[in-house]
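K.L.:
Under my numbering, the first residue of the sequence shown is numbered 4, with each subsequent residue one higher.
Got a structure for you, questions after.
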Amino acid sequence: MRIAQKIRSLPPSATLAVNAKAQELAAQGRKIISLAVGEPDFPTPEHVCRAAKDALDHGFTRYTPVPGIPALRQAVAAYFGGVASQELPMEATMVSNGGKHALYNLLQALLDPGDAVFIPAPYWVSYPPMVQLAQGEPVIIPSSLENNFLLSPEDLERTYPPKARVLLLNSPSNPTGCHYSQDELDALIGWAMERDVFVISDEIYDQLVYPPARPSSAVRWWIKFPDRVAVVNGLSKSMAMTGWRIGYVLAHPDLIKAMVRIQGQSTSNVCSIVQKAALAALSGPMESIGRMREAFVRRRDLALATICSWPGVKCPKPDGAFYLFPRMDAFFSKTMPDSAAMCTRILEKVGVALVPGAAFGDDRCVRFSYALDDETLLTALELVRNALDRGVN
Ligand SMILES: Cc1ncc(COP(=O)(O)O)c(C=O)c1O
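As structure tokens, this is what we get:
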């Protein structure tokens, strides 16, 4: 079977590979705890589910406009506008099948072959392949754990490639949980604006920022430079709606039109029922987010204290999302020389699934998700520690 070259060179998703291995072991009767999850362990709020049921009961089951029903686009515009206390036009928004799909559409609409996209590492696994699919060239900018995996304009300047077209920022970050303050984000975007580099700000974890840190956003920059900034967000993380597939973007109306053309020739509108649920999520009560945030702060503190007590392990304190990204290379050995070997050993020996740091651009680290209850989390961490001890001996 001949498969297109651009697909053959696409790496398989590391997170899916870990989950497949974990499922294989579970099918053999092994008890597996997954710390590889990328979704909140909370239910979608009841009022959101009710809105979906109502949509179904009222027969709201037909095609909708490709960029989304106007009421939802208005709610999305109001969400983005709320960040800057300013009204924004719905023509600058559209909804897609998840933040991932919004990013995909954006990159397809923006990139010409060979255009370079700056991607700070550690990065979310899907960024480089998405850039590749849009025929762009990912340019990875390393960061250091000592600086909380955050970059400065000087770091960007050092790696500034010719044909730089886009800078892809993500705060709070998957996989590190580290987060740019508004001042830090402003410095990076200001640098990009001066060099005519387009900024995509992936703010999917914006509701999961932990005090005293505060959410930061590129929305004000979009208002100033609407043709050079786009902001991506969605409801997967904030409203525990990963399976519903709903994300959205704020961008120049001309760029939105280009993205609508792409989406119109591929997936068309997001599921009509999901759009009604998303409308309820954006315009209804938000208390569930606060409860989720409190639980994540507690678990972050528990997991961080445990992991940092392991010999040679270093991990910055994340200000958001639900991941820890510690440096684990102190445990590397001849038989366990990298993060993939480490994760395989931990999974096989003690049944805990983790994602190798190599998948996120830093092979010295491993990603731990703490989106599961306190007791299971602590049990899993103890098991990991046991596996590592055995690995060393
Ligand atoms: C950094 C980041 N951006 C975007 C997404 C996309 O989420 P979704 O497509 O579920 O909205 C994820 C999901 O894991 C993510 O971690």
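We treat Cβ as the ideally placed atom computed from N, Cα and C, and that holds for glycine.
Could you tell me whether the Cβ atoms of A216 and L188 are closer together than 8 Å?
P.N.:
The sequence position of residue 216 within the sequence shown is 213, counting from 1. The sequence position of residue 188 within the sequence shown is 185, counting from 1. No, these two residues do not count as a Cβ contact at 8 Å.
K.L.:
Mind checking who L253 pairs with in its DSSP beta bridge?
P.N.:
Your numbering for residue 253 matches position 250 in the sequence shown. BP columns for L253 point to T96 and V234.
K.L.:
Starting from I168, trace the alpha helix (DSSP H) in both directions and tell me its first and last residue.
P.N.:
Here residue 168 refers to the residue found at position 165 of the sequence shown. This sequence places Arg at residue 168; Ile is not what is there. Not the alpha helix (DSSP H): R168 falls in the beta strand (DSSP E), residues A167 to N173.
K.L.:
Nearest-angstrom Cα distance between A281 and N389?
P.N.:
Start at 1 with the first residue of the sequence shown, and residue 281 comes out as number 278. Start at 1 with the first residue of the sequence shown, and residue 389 comes out as number 386. So the two alpha carbons sit approximately 43 Å from each other.
K.L.:
Is S241 a contact residue of ligand 1, with contact defined as CB to any heavy atom under 7 Å?
P.N.:
Reading the sequence shown from its first residue, position 238 is the one you call residue 241. No, Cβ of S241 sits at least 7 Å from all heavy atoms of ligand 1.
K.L.:
Is the Cβ-Cβ distance between S291 and G102 less than 8 Å?
P.N.:
For this step, residue 291 is matched to residue 288 along the sequence shown. For this step, residue 102 is matched to residue 99 along the sequence shown. Not closer than 8 Å, so no.
K.L.:
Should I207 be listed as close to ligand 1, given that the test is whether its C-beta is under 7 Å from any heavy atom?
P.N.:
Within the sequence shown, the letter at position 204 stands for residue 207. Yes - ligand 1 has a heavy atom lying nearer than 7 Å to the Cβ of I207.
K.L.:
Could you tell me the boundaries of the beta strand (DSSP E) in which D205 lies?
P.N.:
By 1-based counting over the sequence shown, the position of residue 205 is 202. Per DSSP, D205 belongs to the beta strand (DSSP E) from F201 to D205.
K.L.:
From G237, V355, L391 and P116, pick the residue whose C-alpha is nearest to that of E42; which is it?
P.N.:
By one-based count along the sequence shown, residue 42 stands at place 39. When only C-alpha atoms are compared, the closest one is G237.
K.L.:
Is N108 near ligand 1 - that is, is its Cβ less than 7 Å away from at least one heavy atom of it?
P.N.:
Within the sequence shown, numbered from 1, the residue matching residue 108 stands at position 105. No.
K.L.:
According to DSSP, is V263 helix, strand or coil?
P.N.:
As a first step, residue 263 is located in the sequence shown; it is residue number 260 there, counting from the start. DSSP places V263 in helix when its eight states are reduced to three.
K.L.:
According to DSSP, P359 sits in a beta bridge with which residue or residues?
P.N.:
Residue mapping note: residue 359 aligns to position 356 of the sequence shown, counting from 1. Looking at the DSSP assignment, P359 forms a beta bridge with V369.
K.L.:
Assuming V86 is part of the alpha helix (DSSP H), what are its boundary residues?
P.N.:
In the sequence shown, residue 86 corresponds to position 83, counting from 1. Here the alpha helix (DSSP H) through V86 covers P73 to A87.
K.L.:
Can you tell me which of the three DSSP states A55 falls into?
P.N.:
Residue 55 sits at position 52 when you count from the first residue of the sequence shown. The answer is helix: DSSP assigns A55 an H, G or I state.
K.L.:
Straight-line CA distance for I203 to V234?
P.N.:
Looking up residue 203 in the sequence shown gives position 200. Looking up residue 234 in the sequence shown gives position 231. Cα to Cα, I203 sits roughly 6 Å from V234.
K.L.:
Applying the 10 Å Cβ sphere with the 16-neighbour rule, what's the burial state of R65?
P.N.:
What you label residue 65 is simply residue 62 of the sequence shown in a count that begins at 1. The residue in question, R65, is exposed, as its Cβ has fewer than 16 Cβ neighbours within 10 Å.
K.L.:
Mind checking whether T179 and Y326 have CB atoms under 8 Å apart?
P.N.:
Residue 179 sits at position 176 when you count from the first residue of the sequence shown. Residue 326 sits at position 323 when you count from the first residue of the sequence shown. Cβ distance < 8 Å, so T179 and Y326 count as in contact.
K.L.:
Classify K279 as buried or exposed, calling it buried when 16 or more other Cβ atoms lie within 10 Å of its own Cβ.
P.N.:
Position 276 of the sequence shown, counted from the first residue, corresponds to residue 279. Burial call: buried.
K.L.:
Just to confirm my understanding: we take V355, look at its own chain, exclude 5 residues before and 5 after, and list those with CB closer than 7 Å. What are they?
P.N.:
Residue 355 sits at position 352 when you count from the first residue of the sequence shown. Around V355: I36, L38, I349, A383, L386 and V387.
K.L.:
So for Y326, helix, strand or coil by DSSP?
P.N.:
Residue mapping note: residue 326 aligns to position 323 of the sequence shown, counting from 1. Y326 falls in the strand class under three-state DSSP.
K.L.:
Once the 5 residues before and after D332 are set aside, which same chain residues still bring their CB inside 6 Å of it?
P.N.:
Taking the sequence shown and counting its residues from 1, one reaches residue 332 at position 329. Closer than 6 Å at the Cβ level, and outside the excluded window around D332, lie R367.
K.L.:
To the nearest angstrom, how far is it from the Cα of P70 to the Cα of M242?
P.N.:
Taking the sequence shown and counting its residues from 1, one reaches residue 70 at position 67. Taking the sequence shown and counting its residues from 1, one reaches residue 242 at position 239. Cα atoms of P70 and M242: separation of roughly 21 Å, rounded to the nearest angstrom.
K.L.:
Cutting at 8 Å between CB atoms, please list the residues of its own chain near K24, excluding the five before and the five after it.
P.N.:
Taking the sequence shown and counting its residues from 1, the one referred to as residue 24 is at position 21. Excluding positions up to five away in sequence, the list reads T347, L350 and A356.
K.L.:
Heavy atom of ligand 1 less than 7 Å from the Cβ of W313, yes or no?
P.N.:
For the purposes of this step, residue 313 is taken as the residue at position 310 of the sequence shown. W313 Cβ: outside cutoff for every heavy atom of ligand 1.
K.L.:
If you measure from the CB of G237, is any heavy atom of ligand 1 nearer than 7 Å?
P.N.:
Residue mapping note: residue 237 aligns to position 234 of the sequence shown, counting from 1. Flag set: Cβ of G237 near ligand 1.
K.L.:
Answer yes if the segment 90 to 109 comes into contact with the segment 246 to 255, meaning at least three C-beta pairs across the two stretches below 8 Å, and no otherwise.
P.N.:
Taking 8 Å as the limit for Cβ pairs, the verdict is that the segment 90 to 109 does touch the segment 246 to 255.
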